[in-house]
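Visitor: Chains S, U, C and B are the protein sequences, given in the same order. If you count the first sequence from 1, position 218 lands on 218 in full-length UniProt numbering, and the numbers rise without skipping. If you count the second sequence from 1, position 13 lands on 13 in full-length UniProt numbering, and the numbers rise without skipping. If you count the third sequence from 1, position 167 lands on 167 in full-length UniProt numbering, and the numbers rise without skipping. If you count the fourth sequence from 1, position 174 lands on 174 in full-length UniProt numbering, and the numbers rise without skipping. We put the beta carbon where it would ideally sit given N, CA and C, even for glycine.
4 protein chains.
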Amino acid sequence: MTLKIVLAGARGRMGSAAIEAIQKIEDMEIVAALDYKNDGLFLHEDKVHDTEIGIPIFTSFDRLVKETQPDVLLDLTTPDVVYENMYNAIKNGIRPVVGTSGLSFEEIEKLTEFANEQGIGGIIAPNFSIGAVLMMKFSAMAARYLEDIEIIESHHNQKVDAPSGTAMKTAEMIMNVRESHIQGHEDEKEHLAGARGADIEGMKIHSIRLPGLLAHQEVLLGADGELLTLRHDSFNRSCFMPGILMAIRNVLERKDLVYGLENILD
Amino acid sequence: MTLKIVLAGARGRMGSAAIEAIQKIEDMEIVAALDYKNDGLFLHEDKVHDTEIGIPIFTSFDRLVKETQPDVLLDLTTPDVVYENMYNAIKNGIRPVVGTSGLSFEEIEKLTEFANEQGIGGIIAPNFSIGAVLMMKFSAMAARYLEDIEIIESHHNQKVDAPSGTAMKTAEMIMNVRESHIQGHEDEKEHLAGARGADIEGMKIHSIRLPGLLAHQEVLLGADGELLTLRHDSFNRSCFMPGILMAIRNVLERKDLVYGLENILD
Amino acid sequence: MTLKIVLAGARGRMGSAAIEAIQKIEDMEIVAALDYKNDGLFLHEDKVHDTEIGIPIFTSFDRLVKETQPDVLLDLTTPDVVYENMYNAIKNGIRPVVGTSGLSFEEIEKLTEFANEQGIGGIIAPNFSIGAVLMMKFSAMAARYLEDIEIIESHHNQKVDAPSGTAMKTAEMIMNVRESHIQGHEDEKEHLAGARGADIEGMKIHSIRLPGLLAHQEVLLGADGELLTLRHDSFNRSCFMPGILMAIRNVLERKDLVYGLENILD
Amino acid sequence: MTLKIVLAGARGRMGSAAIEAIQKIEDMEIVAALDYKNDGLFLHEDKVHDTEIGIPIFTSFDRLVKETQPDVLLDLTTPDVVYENMYNAIKNGIRPVVGTSGLSFEEIEKLTEFANEQGIGGIIAPNFSIGAVLMMKFSAMAARYLEDIEIIESHHNQKVDAPSGTAMKTAEMIMNVRESHIQGHEDEKEHLAGARGADIEGMKIHSIRLPGLLAHQEVLLGADGELLTLRHDSFNRSCFMPGILMAIRNVLERKDLVYGLENILD
């Protein structure tokens with residue numbers, strides 16, 4: 001049996017990568033693209049993607065459901081439409097797999113409650129890279145034993161925000177298992193402000209920005225006589241695809257909505 | 001209540017570090033040193049360790065048990081005596097915590113059976129560094145998702161054997177969760193023999209030996225567009241102490257013998 | 001005054017990147033593309049590159065020279081045509097900047113002699129990445145003081161050959177300044193063949209091949225109590241452009257042909 | 001002919017390491033220890049060092065010179081006595097090799113002038129590790145081509161000051177060859193203060209402090225599509241010895257005083 005997927009966000013770069021990845025999977029098919037324009041056209045007619053088999057574009061969720069009866073919604077859109085897309089999916093018994101970040105805490109809570117009531121499996125993952133998620137998960141596991149931690153995240157110099165979202169998420173996951181405590185020497189002196197990095201419950205975060213860099217993070221956990229380093233390098237968008245495919249299969253087997261890919265890795 | 005420990009291997013460097021570490025713990029006390037010579041002397045009289053409170057040396061296990069009634073045997077000796085020490089400990093209801101490597105598979109099996117019959121908790125750990133054990137454990141966890149793996153282990157150039165025991169143990173743990181498969185290009189050519197390293201079920205192991213180095217290992221797990229690197233640096237012997245202390249407390253609560261510190265980390 | 005460049009190899013990916021890089025430079029212009037076909041067309045008509053200003057294609061070197069009078073030949077072609085292109089350039093007083101690898105030692109010698117006789121500046125560079133060339137240059141400089149060296153080169157698993165050309169070149173540059181000597185323990189034992197890597201005059205080279213990786217190299221130089229690591233990561237083709245632009249300016253000022261970008265970095 | 005050395009600072013750990021290193025060199029001999037106490041005793045009588053051949057202690061520089069006629073003063077003392085020691089050495093035609101840091105800029109200038117007038121070779125080196133000095137030297141060389149730079153220095157958590165002296169010295173050497181410029185995105189936002197590190201002419205310095213660490217530094221130089229990383233790890237005090245021995249030989253051949261080991265590495 002073929003798994004039928006509706007894709008929202010086909011025009012983005014992540015959407016484009018997802019089309020290519022899913023086309024290689026024998027038992028998966030993208031049966032429809034959800035968009036706000038070009039209803040009735042096919043993706044290749046809209047020059048969105050050079051797919052062999054035409055994927056029809058729908059602007060109406062209801063009509064899309066009736067005509068294609070999808071199993072899963074893969075949503076790679078933007079914060080302004082993702083909530084509605086997810087709500088419609090859950091209402092229609094379609095499992096949402098969502099990579100869009102920017103949903104508020106309240107929205108996530110409402111959608112989780114709604115999905116669980118309906119018994120519809122779903123996943124919202126701010127990061128679909130399995131390697132990155134394992135780095136975060138292992139950091140939290142190790143932090144129970146090695147409690148002095150610094151994070152170095154490195155990105156290209158076109159990134160505006162520091163620290164990165166992944167570094168903040170890593171710190172949060174560590175904070176859940178580790179007591180806050182002062183790190184470094186108690187009389188520590190910064191002769192140049194900022195040298196010791198950003199502080200978050202004692203942990204330090206350092207943000208590197210250089211031309212050439214892509215997306216990298218190192219979590220350093222130190223103890224007497226030893227150092228454990230967990231590093232992830234993300235070289236291109238293809239690193240998100242295995243996580244997306246794994247999530248698509250996983251939501252079919254569950255009856256609740258989870259937040260974070262780490263919850264479906266064991 | 002104070003935990004009473006008998007130490008075997010007090011004259012070695014690990015033994016010496018263990019004395020210092022345990023002396024700092026309020027509810028632990030080394031009540032005796034087990035040795036083959038100098039019965040009746042104290043460790044400081046034998047110039048073994050400059051301990052404040054004299055630790056008496058025993059050459060007879062039976063007499064040691066009668067006079068000091070220890071809870072735990074910490075064995076940091078050599079392969080030729082460790083089996084007998086452990087056997088005697090289990091027989092006398094003393095929990096063994098053993099860092100000596102070199103026990104055969106059959107010996108470990110016999111001791112495990114004996115300890116489990118007697119309901120005596122124990123642990124044999126080839127590596128007491130929590131950081132190193134986490135690196136190995138995480139490697140095996142990650143290998144289920146990122147199946148292409150290379151290990152780089154780096155040691156000082158006075159190390160005779162390659163690959164290191166830790167690298168081999170890591171590979172074994174990975175082999176338990178991952179299918180063997182050819183890595184690299186199928187038409188791969190080594191223009192200089194050895195360039196691609198040692199092969200073990202498709203995994204590659206590379207051994208670096210340089211003056212200056214201590215003990216380091218990196219496990220590289222690659223997938224499309226990403227790399228996860230798990231690295232451990234061991235800078236000195238003090239990195240083994242937290243694992244030893246954790247094991248001493250853990251064996252009191254268990255009724256079986258386990259092999260590998262990873263089994264008492266959750 | 002504008003520097004007039006003829007490009008050979010416009011249809012390749014390096015050629016395409018070079019067109020984009022040169023178009024951003026105010027005082028440089030690509031006045032012609034040298035090719036074996038499509039004489040008389042413009043690059044955009046051949047769908048080679050979407051350049052704003054048409055670059056005319058020539059199949060005849062002589063006619064190209066007469067009609068465009070270029071200062072510099074930038075050759076990013078293949079081993080089978082590069083010798084003739086360079087010879088023609090030198091004969092016509094056009095300075096060659098050549099990134100094509102695969103010229104034989106004899107060919108390089110002949111071209112060098114010819115260029116020097118004619119007083120024509122030129123450069124053949126197997127690697128135009130300034131960072132990679134500095135890594136190699138620094139390795140050779142440091143090898144005079146830190147004589148125990150291992151090289152780890154890491155590439156994607158679609159690379160057939162091991163070790164990489166850059167690793168071999170690095171080793172050669174080090175061999176010029178360092179005496180051959182046995183590294184590691186004199187009684188060293190490989191329990192798994194290949195663990196200690198490829199040997200070249202005592203130095204060890206280790207080749208990592210993993211999906212996800214791009215092109216990376218680390219040179220480790222060890223001595224008592226310390227380690228110096230020189231690492232280069234090449235993330236994409238744009239890293240070659242600054243070296244190409246630097247070479248184009250440099251050949252105008254010199255009257256001889258040099259091999260290797262390191263000769264124009266001071 | 002044997003090179004006669006007077007050692008100031010024999011009671012320190014660096015002094016102790018220097019005695020061991022020099023004892024292994026055939027044509028070098030420590031003929032005297034300069035100290036403020038225990039005149040007339042030998043080092044082993046003062047329990048300073050367990051040397052086979054007794055090294056006599058002198059409290060008077062004049063008498064030391066008359067009785068032992070040394071060629072070189074190796075000064076590994078403290079800021080309060082080093083100036084006078086160096087002055088006395090130069091006055092008596094003894095070449096100073098000085099590892100003590102803490103001399104003021106004015107003192108260095110005066111001593112340099114005095115040594116150059118007298119034609120006495122000498123060297124003051126804040127860091128005698130050849131690897132560390134090469135890392136700094138290469139950073140400055142590379143900074144001419146790769147102008148976006150971040151420094152990560154990592155030390156044990158007992159270090160009070162941040163950034164480290166080596167990081168500051170590296171930054172200074174880079175500032176001499178590179179124009180100050182803003183690095184990172186022009187609209188960069190720090191959501192947690194300090195994330196982007198300390199700023200020094202656009203360069204960023206990040207200080208890591210963790211238990212277990214020793215002394216490490218990484219200089220990252222980025223450009224389009226590439227990253228050059230120069231890293232030094234200092235594992236123990238023995239890494240300073242080759243630099244000290246090299247300096248002892250070098251000062252015999254020169255007639256001026258230099259500041260920084262980089263000046264005698266070519």
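If alanine 125 of chain B and glycine 99 of chain B are in contact, beta carbons under 8 Å, what's the gap, nearest whole angstrom?
Guide: 6 Å
Visitor: What do you get for serine 139 of chain U, buried or exposed, if any count of 16 or more other CB atoms within 10 angstroms of its CB means buried?
Guide: buried
Visitor: Please report the distance separating the alpha-carbon of leucine 192 of chain B from that of aspartate 148 of chain S.
Guide: 19 Å
Visitor: Less than 8 Å between the CB atoms is what I'm expecting for serine 207 of chain B and glutamate 153 of chain B, so what's the real figure, rounded?
Guide: 6 Å
Visitor: Identify each residue in the stretch 210 to 224 of chain C for which the Cβ-Cβ distance to at least one residue of chain S is less than 8 Å, and report them in chain order.
Guide: Gly212, Leu213, Leu214
Visitor: Measuring alpha carbon to alpha carbon, tell me which of B:Met173, B:Gly122, B:Leu257 ends up nearest leucine 134 of chain B.
Guide: B:Met173
Visitor: Cβ of alanine 32 of chain S less than 7 Å from any chain U Cβ?
Guide: no
Visitor: Between the alpha carbons of lysine 255 of chain S and glycine 93 of chain S, how many angstroms are there, rounded?
Guide: 11 Å
Visitor: Listed in chain order, which residues of the stretch 158 to 178 of chain S have Cβ atoms closer than 7 Å to some Cβ of chain B?
Guide: Gln158, Lys159, Val160, Asp161, Ala162, Pro163
Visitor: Go to residue 320 of chain S, then tell me how far its alpha helix (DSSP H) extends in each direction, as first and last residue.
Guide: This structure leaves residue 320 of chain S out entirely; chain S is present only between 1 and 266.
Visitor: Quick one: does serine 129 of chain U have its CB under 7 Å from some CB of chain S?
Guide: So yes, serine 129 of chain U belongs to the interface.
Visitor: If you follow the beta strand (DSSP E) that glutamate 188 of chain U is in, where does it begin and where does it stop?
Guide: Premise fails: glutamate 188 of chain U is in no beta strand (DSSP E) and is neither H nor E.
Visitor: At 3 residues or longer, what runs of the beta strand (DSSP E) sit wholly inside the UniProt domain "Dihydrodipicolinate reductase N-terminal" (4 to 128) of chain B?
Guide: 28 to 34, 72 to 75, 95 to 98, 122 to 124
Visitor: Any Cβ of chain B within less than 7 Å of the Cβ of serine 180 of chain S?
Guide: no
Visitor: For glutamine 158 of chain C, list the residues DSSP reports as bridge partners.
Guide: According to DSSP, which records beta bridges pairwise, glutamine 158 of chain C is partnered with nothing at all.
Visitor: Against chain U, which members of the stretch 93 to 122 of chain C pass a CB distance test of less than 7 Å?
Guide: none
Visitor: With 7 Å as the threshold, decide whether the Cβ of leucine 235 of chain S is near any Cβ in chain C.
Guide: The sequence shown places phenylalanine at residue 235 of chain S, not leucine. So, interface residue.
Visitor: Tell me which residue opens and which closes the beta strand (DSSP E) that glycine 222 of chain C is part of.
Guide: 215 to 223
Visitor: In whole angstroms, what separates the C-alpha of leucine 41 of chain B from that of aspartate 75 of chain B?
Guide: Cα-Cα distance, rounded: 20 Å.
Visitor: From leucine 221 of chain U to methionine 241 of chain S, what distance separates their C-alpha atoms?
Guide: 16 Å
Visitor: What residues in the stretch 135 to 146 of chain C have a beta carbon less than 9 Å from any beta carbon of chain B?
Guide: Met135, Lys137, Phe138, Met141, Ala142, Arg144, Tyr145, Leu146
Visitor: Suppose you measure from the CA of phenylalanine 199 of chain U to the CA of phenylalanine 128 of chain U; what does that come to, to the nearest Å?
Guide: According to the sequence provided, residue 199 of chain U is aspartate. The question's phenylalanine does not apply to it. A straight-line Cα-Cα distance of about 27 Å links aspartate 199 of chain U and phenylalanine 128 of chain U.
Visitor: Determine whether the Cβ of glutamate 226 of chain U lies closer than 7 Å to any Cβ atom of chain S.
Guide: yes
Visitor: Could you work out which residue in C:Lys169, C:Lys66, C:Leu43 is closest to alanine 132 of chain C when comparing CA atoms only?
Guide: C:Lys169
Visitor: Between the beta-carbon of valine 177 of chain B and the beta-carbon of leucine 73 of chain B, is there less than 7 Å?
Guide: Going by C-beta atoms, valine 177 of chain B is not nearer than 7 Å to leucine 73 of chain B.
Visitor: Span of the beta strand (DSSP E) holding lysine 204 of chain C?
Guide: 203 to 209
Visitor: Take arginine 11 of chain U and list the residues in its own chain whose beta-carbon comes closer than 6 Å to its own, dropping the five residues that flank it on each side.
Guide: Val48
Visitor: Does arginine 231 of chain S get closer than 7 Å to chain U when you measure Cβ to Cβ?
Guide: Judged by the 7 Å Cβ criterion, arginine 231 of chain S is in contact with chain U.
Visitor: Can you name the residues of chain B whose CB is closer than 7 Å to the CB of methionine 1 of chain C?
Guide: Neighbours of methionine 1 of chain C on chain B: none; closest Cβ ~25 Å, over 7 Å.
Visitor: Within 10 angstroms of its Cβ, does methionine 141 of chain U collect 16 or more other Cβ (buried), or is it exposed?
Guide: buried
Visitor: Glycine 202 of chain B versus chain S: which residues are under 7 Å apart at the beta carbon?
Guide: Neighbours of glycine 202 of chain B on chain S: none; closest Cβ ~11 Å, over 7 Å.
Visitor: If I measure Cβ to Cβ from methionine 175 of chain B and keep anything under 6 Å in the same chain, skipping five residues before and after, which residues do I get?
Guide: Glu201
Visitor: Is it true that the CB of valine 97 of chain U sits closer than 7 Å to the CB of valine 251 of chain U?
Guide: yes
Visitor: Rounded to whole angstroms, what's the CA-CA distance from isoleucine 130 of chain U to tyrosine 145 of chain S? Just pull it up for me.
Guide: 7 Å
Visitor: Using 8 Å as the threshold, is the stretch 9 to 23 of chain B in touch with the stretch 76 to 88 of chain B, meaning 3 or more CB pairs across them?
Guide: yes
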